[in-house]
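Peer 1: Mind looking over this structure? Questions follow.
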Amino acid sequence: MSRIFYYRTDSLTEDKLSTLSEAFSDYLLMLLVPEKISMGAELIFEEITQNIVSHGYILGGFFSFRCTFNGEVIEMEFRDRGRVFNPLKDAPVPDTGSPAEERDIGGLGVHLVKEFSDDMIYTRDGVENVLMLNKKVNG
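As numbered in UniProt numbering, residues 1 to 139 make up the sequence shown, in order.
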C-alpha cells in the first residue's frame with residue numbers, strides 16, 4: 001500500500017521552503033525509508049523546490065508536490081507554473097573536474113538530482129512544468 005504526501009500552494013515562496021522541507025522529511029521518517037534513500041530524496045526535493053523559487057518565479061506562484069512510497073520506490077512529482085524549464089535539456093552541464101573556485105556557477109544542483117534519481121522525466125502540461133522522479137530503495 002502506498003502512502004501519499006501532497007502539498008499545493010498558489011504562492012510558493014522562499015519562506016515556505018523550510019517548513020515544507022521539514023514536513024517531507026517527517027513523512028519519509030514516518031514511513032521508515034532507509035536513511036541513505038531518504039537523504040537522497042530530501043536533496044532532490046530541496047534542489048528542485050529551491051530552483052523553482054529562485055529561477056521559476058519573480059514573486060512566487062502555483063506549486064504542487066506529490067510523493068508516494070510503496071516500500072520499494074519513492075515517486076515524486078513536482079508541478080509549477082513558472083517559466084518553461086526542462087532540467088534534462090536546459091540546465092548547464094557543470095564542470096565537476098575543476099576546483100570549486102574555478103567553476104562557473106550553475107547546473108550542479110540539477111546534476112546532483114540526476115545522480116540521485118533512478119528515473120527522471122520532464123513534460124509540459126499546458127502552462128505547467130511537470131518533473132517526475134523515481135528513487136528505488138534497492139537501486
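For each residue, glycine too, the CB sits at the ideal point set by N, CA and C. Note that the structure is a prediction, hence the values are computed from the model and not measured.
Quick check on the DSSP output: the alpha helix (DSSP H) that includes Tyr6 runs from which residue to which?
Peer 2: In the sequence shown, residue 6 corresponds to position 6, counting from 1. Not the alpha helix (DSSP H): Tyr6 falls in the beta strand (DSSP E), residues 3 to 9.
Peer 1: According to DSSP, is Ser117 helix, strand or coil?
Peer 2: Numbered from its first residue, the sequence shown carries residue 117 at position 117. Note: Ser117 maps to coil in three-state DSSP.
Peer 1: Taking all protein chains shown into account, do 16 or more other C-beta atoms lie within 10 angstroms of the C-beta of Ile4, making it buried, or fewer, making it exposed?
Peer 2: Position 4 of the sequence shown, counted from the first residue, corresponds to residue 4. Under this definition Ile4 is an exposed residue.
Peer 1: Under a Cβ-count criterion, where at least 16 other Cβ atoms within 10 Å of its own Cβ denotes burial, should Arg51 be classed as buried or exposed?
Peer 2: What you label residue 51 is simply residue 51 of the sequence shown in a count that begins at 1. Note that residue 51 is Asn in the sequence shown, not Arg. Asn51 should be labelled buried.
Peer 1: Please classify Asp80 as buried or exposed, where buried requires at least 16 other C-beta atoms within 10 Å of its C-beta.
Peer 2: As a first step, residue 80 must be located in the sequence shown, where it is residue number 80. Under this definition Asp80 is a buried residue.
Peer 1: Am I right that residue 148 and Pro87 are in contact with their C-beta atoms under 8 Å? What's the rounded C-beta distance?
Peer 2: No answer is possible for residue 148: the residues shown for the chain start at 1 and end at 139.
Peer 1: What is the C-beta distance between Val127 and Ile37, in whole angstroms, given that I count them as a contact (C-beta under 8 Å)?
Peer 2: Translated into the one-based positions of the sequence shown, residue 127 becomes position 127. Translated into the one-based positions of the sequence shown, residue 37 becomes position 37. Between Ile37 and Val127 the Cβ distance is about 33 Å, and since that is not below 8 Å, they are no contact.
Peer 1: Please report the residue range of the alpha helix (DSSP H) in which Leu43 lies.
Peer 2: Taking the sequence shown and counting its residues from 1, the one referred to as residue 43 is at position 43. Where Leu43 is concerned, the enclosing alpha helix (DSSP H) stretches over 35 to 51.
Peer 1: On a CA-only basis, which of Tyr122, Ile74, Gly82, Asn129 is nearest Ala41? Give me that one, please.
Peer 2: Counting from one through the sequence shown, the residue named residue 41 turns up at place 41. The option with the nearest alpha carbon to Ala41 is Ile74.
Peer 1: Rounded to whole angstroms, how far is the Cβ of Val130 from the Cβ of Glu47, which I believe are closer than 8 Å?
Peer 2: For the purposes of this step, residue 130 is taken as residue 130 along the sequence shown, with counting starting at 1. For the purposes of this step, residue 47 is taken as residue 47 along the sequence shown, with counting starting at 1. About 17 Å; that fails the 8 Å criterion.
Peer 1: Tell me, to the nearest whole angstrom, how far the beta carbon of Ile121 is from that of Met76; I am working on the premise that it is less than 8 Å.
Peer 2: For the purposes of this step, residue 121 is taken as residue 121 along the sequence shown, with counting starting at 1. For the purposes of this step, residue 76 is taken as residue 76 along the sequence shown, with counting starting at 1. With a Cβ gap of about 11 Å, Ile121 and Met76 do not count as contacting.
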